[in-house]
Structure formats: structure tokens, C-alpha cells
Amino acid sequence: MSTRKEHHRYSQKVTRTKRWKVLRMVILERDEYRCKCCGCGGRLEVDHIKPVRTHPELSYDPANLQALCPACHTKKTRIECGHRPLPENRREWRDFVSDLEVRPKQRGISMKGLNDA
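Each residue of the sequence shown is one higher than the one before, counting from 695 in this note's numbering.
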């Protein structure tokens, strides 16, 4: 059986409530709309530090919640579900490609101008 079918989202009952929606905004404000792992802004998700499946009593505890960007949240969840972290060479390649995408924007160079050269 695939890992996807084995994975059950225990937090779904928690994250569908009005109480969660209010608490989510409180956590985002507390964390200053920044990912606690990498510090980036933008789209953020509120993560249970200790998962709901193992610690349901901490579902609404602000000390057990943190704002994470989708990439960091996915990494954390994959490790919690039993997936191995990416090998070093894959991480290096991902970081290299990510750096190439960021650098032109920081210098004010458009990607279109790079493609014409």
C-alpha cells in the first residue's frame, strides 16, 4: 500500500473549526508573518509542532503551533510520516537552482533579459 493511502490527516477535524481560524491568525501575527524555519514571508501555514495524531490534547495550544512556509511544512510532515530526508546531493542541487532563481531578482535583472543574451 502506498504511503499516501496510509497517511490519514488527523488535524482535519481541528483545522475546520471557527476556533482554529481565529487561532491561526493569532499565531501568524505572533510569528510576524514569517516562517519559523527559514524566515521567508508570503503564503504561510500553521503547523502543529507535536502532531495531532500523537498529541490531540495540544491541538489548540499556541505553544504547540508555529508558522511555516509550504516548503518547510512539507519537509517536516514528510519526516514525521516516515519519509527519509532528501539526500545531500539532491538538497545541494535544489539549493543551487533556487539560488539561480533568486539572484537575478536581487540584482534587478529580469529573466527575459537573461534569455535574450
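Cβ atoms here follow ideal geometry from the backbone N, Cα and C, with glycine treated the same way.
Using a Cβ-Cβ cut-off of 8 Å (strictly less than) and excluding sequence neighbours within five positions of residue i, which residues of its own chain qualify?
i, result
"Ser696", "Reliability fails at Ser696, whose pLDDT of 49 lies under 50, so the model's placement of it is uncertain and the value that follows must be treated cautiously. Answer for Ser696: no residue qualifies."
"Pro745", "Tyr704, Ser705 and Glu774"
"His749", "His742 and Asn758"
"Cys763", "Cys729, Cys731, Cys732, Cys734, Gly736, Arg737, Leu738 and Glu739"
Look at the alpha carbon of residue i and the alpha carbon of residue j, and state the distance between them as a whole number of angstroms.
i, j, result
"Tyr727", "Leu738", "7 Å"
"Ala761", "Val716", "14 Å"
"Lys712", "Ile721", "14 Å"
"His742", "Ser792", "27 Å"
"Leu780", "Trp787", "11 Å"
"Arg784", "Cys731", "19 Å"
"Asp725", "His777", "28 Å"
Tell me, which residues are paired with residue i by DSSP?
i, result
"Val740", "Ala761"
Considering residue i, what are the terminal residues of the alpha helix (DSSP H) in which it resides?
i, result
"Glu723", "Lys712 to Arg724"
"Lys707", "Gln706 to Thr709"
Helix, strand or coil for residue i? Go by DSSP, reduced to three states.
i, result
"Pro756", "helix"
"Val746", "coil"
"Arg788", "helix"
"Leu794", "helix"
"His767", "helix"
"Arg778", "coil"
"Arg772", "helix"
What does a CB cutoff of less than 7 Å around residue i pick up in its chain, not counting 5 residues either side in sequence?
i, result
"Gly735", "Tyr727 and Arg728"
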